[in-house]
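So the number in the working numbering is just where the residue sits in the sequence shown, counting from 1, plus 110. Take a look at the structure below.
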Amino acid sequence: MSNQGGDVTYTINEGASIVLHASSLHASAYQWYKDGVKIVDAINKDYTATAAGMYSVVAFNAEGCPSEVSDGVKIIVKPDDPPVNLPDTVVDLAVTIASSNLHAAPGDSYTYVLVADNKSPITGTNVQVSYVIPENLVYLPQPNSGDLIKYNIATRTLTWNISQIKENDPAKLVITVKVLAPGMVQSIVNIKGKQIDPILANNVDQTIQQVYPLVITNVFTPNGDGVNDTFVIPGLETYSDTELTIINRWGNVVYQKTNYKNDWDGSGLVEGTYFYVLRAKNKAGVWDTYKGYLTLLRTRI
């Protein structure tokens, strides 16, 4: 409050009010004015002001004689503060994952590329990307990964910590894994940060990596024409150890070989259907087992 030249100034917030008091003690009536204009029905000793302006009052004695106009009271109304917009609490983070290998075999090593991005103008902070390594994979930590990458062996969770991400300035992480066995590998990543994220749909991403098994033919024709004369299993040479067993329809073992070299020609056996059991140790040191049937044909086609 200030007092300049007899006038008093008060500042109130928008929507608030202040009670003004006439100083005359023995008046019979009062009339309040705002900016020199009479305020209708403002005839009491006290007046509640809610609007900005210069207020004054005139007191009347019992005979109806008016007093001099009082010193003015200036009311200033301070507008409400605009709604607080906290853009620094709303950040749209996004994450993607992609495999570098489109054709993987058991024991192969390949990489996943994780990309963390910020789709909003406000910098995202304390960003964390999580990736639970699938059971069919072995995580291969890279040297000099620093403190930003943490891996919990018990939960198989890889955590990538990023202090901040600016708008359209994505961060990339390449991780290396080794696959253990054939099948479909589903990888899922999640991202979160300190700020509220208005779009959760892009906070998770996934990719499917197919690990291809050996493809074993079910027909071979050892008829001496130089075509398909031995039981060949493409890709078998990539396995360090193998065991092949051939069984006839009566359950008798008719051929057995350790470290098979794709050279069995069915010698001594008649045409017909046989069954195979192949055990092969892949690059990850895991034994894969394949079972099925094959048809031996000697008739030239």
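Virtual Cβ for every residue (Gly too), placed ideally from N, Cα, C.
C-beta contact flag for residue i and residue j at 9 Å
{"i": "I185", "j": "Q238", "result": "no"}
{"i": "T119", "j": "V183", "result": "yes"}
{"i": "A139", "j": "F170", "result": "yes"}
{"i": "T267", "j": "I243", "result": "yes"}
{"i": "T233", "j": "I301", "result": "no"}
{"i": "L283", "j": "P332", "result": "no"}
{"i": "A281", "j": "V225", "result": "yes"}
{"i": "T368", "j": "T352", "result": "yes"}
{"i": "D375", "j": "D335", "result": "no"}
{"i": "L379", "j": "Q366", "result": "no"}
{"i": "K188", "j": "I285", "result": "no"}
Cβ separation of residue i and residue j, assumed to be a contact under 8 Å, to the nearest whole Å
{"i": "L250", "j": "S209", "result": "15 Å between Cβ atoms; not a contact."}
{"i": "A214", "j": "Q319", "result": "6 Å"}
{"i": "G303", "j": "T235", "result": "6 Å"}
{"i": "D156", "j": "V129", "result": "5 Å"}
{"i": "T163", "j": "D145", "result": "Residue identity differs from the one stated: residue 163 is Gly in this sequence, not Thr. With a Cβ gap of about 5 Å, G163 and D145 count as contacting."}
Which listed residue (the options) has its alpha carbon closest to that of residue i
{"i": "V342", "options": "H136, I298, N328 and D117", "result": "N328"}
{"i": "N246", "options": "P332, G234, V150 and M294", "result": "M294"}
{"i": "P292", "options": "L354, V321 and F330", "result": "V321"}
{"i": "A401", "options": "Y241, K393 and F385", "result": "A small fix is needed here, since residue 401 is Lys in this sequence, not Ala. Nearest C-alpha to K401: F385."}
{"i": "S230", "options": "L404, I259, N278 and D190", "result": "N278"}
{"i": "S134", "options": "A161, T158 and P176", "result": "P176"}
{"i": "L324", "options": "T409, A311 and G345", "result": "G345"}
{"i": "K371", "options": "E347, V248 and H136", "result": "E347"}
{"i": "G174", "options": "D257, H136, L258 and I309", "result": "H136"}
Chain-order list of residues whose beta-carbon lies under 6 Å from that of residue i (same chain, five-residue window excluded)
{"i": "T399", "result": "R389"}
{"i": "A394", "result": "G217, K288 and L290"}
{"i": "Y241", "result": "L268 and V299"}
{"i": "D227", "result": "A204 and P280"}
Sequence-distant residues of the same chain with beta carbon closer than 7 Å to residue i, five excluded per side
{"i": "D307", "result": "V201, D202, L203 and N313"}
{"i": "N392", "result": "P216, G217, Y349 and D398"}
{"i": "N113", "result": "Unreliable positioning characterises N113 in this predicted model, as indicated by a pLDDT of 37, which lies under 50. The coordinate reading is nonetheless provided below. Same-chain partners within the cutoff: there are none."}
Contact set for residue i: own chain, Cβ-Cβ below 8 Å, skip 5 residues either direction
{"i": "Y403", "result": "N328, T383, Y384, F385 and Y386"}
Counting only runs of 3+ residues fully inside the segment 144-211, write out the beta strand (DSSP E) ranges in chain order.
Within the segment 144-211, the complete beta strand (DSSP E) runs of at least 3 residues are 156-159, 163-170, 183-188 and 203-209.
Runs of beta strand (DSSP E) lying entirely within the segment 290-315, each at least 3 residues, in chain order
Taking only runs of at least 3 residues, the beta strand (DSSP E) segments lying wholly in the segment 290-315 are 293-302.
Fully enclosed by the segment 215-261, which beta strand (DSSP E) runs are 3 residues long or longer?
Counting only runs that start and end inside the segment 215-261, the beta strand (DSSP E) elements of at least 3 residues fall at 219-228, 234-242 and 247-250.
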